[in-house]
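So the sequence shown is numbered by the working numbering: it starts at 1 and just counts up by one.
Every residue, glycine too, gets a C-beta built ideally from N, C-alpha and C.
Predicted, not measured: the structure shown is a model, and the values here were computed from it.
Scroll down for the structure; my scribbles are underneath it.
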Amino acid sequence: MQDAAAFASAYERNRAHLEPWEPIRPEGFYTEAGQRSQLEQFVEGRRQGRVERWVFDSGDGEIYGSITLSNIELGIFLNARMGYWVDASLNGRGLATAAVSGVCEYGHRRWNLHRVEAGTNVENHASQRVLAKCGFQEIGLSRSHLFINGKWSDSKQFYRILHTDPLPLD
Ligand SMILES: CC(C)(COP(=O)(O)OP(=O)(O)OC[C@H]1O[C@@H](n2cnc3c(N)ncnc32)[C@H](O)[C@@H]1OP(=O)(O)O)[C@@H](O)C(=O)NCCC(=O)NCCS
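As structure tokens, this is what we get:
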């Protein structure tokens, strides 16, 4: 919850950078109170074991992006969805690539995840490149997939298998 102000300032700074790839946000989203409310939902999801998030942090109190595992599903699926963004001022330094690889490794170790999925807007070539560098395979094109920046947008879906170890019997 202490990150609310830093998230608000990071999203404000990166409005134009994120706009093509995200839903249109109400003005309140860019305020500390708005981010507090987002974090409350996140904390509840985390308490239920459904989500986990990491931030890019240089120790100056600001946030420079985040990476999230959501829809964490155990049982015989052992699957999660991944989403991420990196501050515009720090793009092209391999941060997203390092984070995606690191979080896949962590998901394997912490939950024994077998599979991670990610979707990118069909025009988001930088994100598709990140996933390719991290060993993700393309599933295919999902038309009219998400309501992004004011319109239903096509998405390329990807997955990575983290391991194929058999599951123990119950
Ligand atoms: C996509 C994003 C996460 C990439 O972060 P990053 O830290 O710059 O990524 P990396 O530096 O690890 O790798 C970027 C790769 O994309 C490549 N790239 C950048 N722009 C590109 C473009 N327009 N077309 C093709 N490749 C591109 C880079 O050259 C690099 O590949 P390389 O290492 O082979 O040269 C960042 O730009 C971002 O936050 N964008 C806005 C939000 C977003 O798109 N999130 C993902 C939603 S699925």
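Exercise. Ligand 1 heavy atoms versus the CB of N79: any closer than 8 Å?
Worked result: For ligand 1, not one heavy atom lies less than 8 Å from the Cβ of N79.
Exercise. For P20, which residues from the same chain have a beta carbon less than 6 Å from its beta carbon, with the 5 sequence-adjacent residues on both sides left out?
Worked result: Setting aside the 5 residues that flank it on each side, P20 is surrounded in the same chain by N149, each with a C-beta closer than 6 Å to its C-beta; the list follows chain order.
Problem set entry | Whole-angstrom distance between L74 and P168, CA atom to CA atom | The alpha-carbon of P168 is positioned some 13 Å away from that of L74.
Exercise. How many Å lie between Q137 and G92 at the Cα?
Worked result: Taking the straight line joining both Cα atoms gives about 22 Å.
Exercise. Which two residues bound the contiguous beta strand (DSSP E) that contains E32?
Worked result: Careful: E32 lies outside any beta strand (DSSP E), inside the alpha helix (DSSP H) at E32 to R47.
Problem set entry | Cβ distance (whole Å) where C104 is taken to contact V116 below 8 Å | About 6 Å separates the Cβ atoms of C104 and V116, confirming a contact at the 8 Å cut-off.
For this session: Give the DSSP-derived three-state secondary structure of H108 in the structure shown.
Result: Collapsing the DSSP output to three states places H108 in a helix.
Exercise. Tell me which same chain residues have a C-beta within less than 8 Å of the C-beta of D154, skipping the five on either side of it?
Worked result: Cβ neighbours of D154 beyond the five flanking positions: N121, V122, L141, S142, R143, S144 and H145.
For this session: Tell me whether H17 sits in a helix, a strand or coil according to DSSP, three-state version.
Result: Taken through DSSP and simplified to helix, strand or coil, H17 comes out as helix.
Exercise. Can we count H125 as close to ligand 1, meaning its CB is less than 8 Å from some heavy atom?
Worked result: Yes, the Cβ of H125 comes within 8 Å of a heavy atom of ligand 1.
For this session: Check each candidate in Q128, R15, P166 and S66 and name the one with the smallest Cα separation from G102.
Result: Measuring C-alpha to C-alpha distances from G102 to each of Q128, R15, P166 and S66 identifies S66 as the nearest.
Exercise. Looking only at DSSP bridge pairs, what is E117 linked to?
Worked result: Looking at the DSSP output, E117 sits in a beta bridge with R81 and Y159.
Exercise. According to DSSP, is Q2 helix, strand or coil?
Worked result: In the structure shown, Q2 sits in coil (DSSP, three-state: anything other than H, G, I, E or B).
Exercise. Under the DSSP definition of a beta bridge, which residues are partnered with Q137?
Worked result: Bridge partners of Q137 according to DSSP: Y159.
Exercise. What residue does the beta strand (DSSP E) around V55 start on, and which one ends it?
Worked result: Its beta strand (DSSP E) spans residues E52 to D57.
Problem set entry | A16 Cβ short of 8 Å to ligand 1 heavy atom set | No, ligand 1 has no heavy atom inside 8 Å of this Cβ.
For this session: Report the residue from R160, Y11 and G49 whose alpha carbon sits nearest the alpha carbon of P26.
Result: Nearest C-alpha to P26: Y11.
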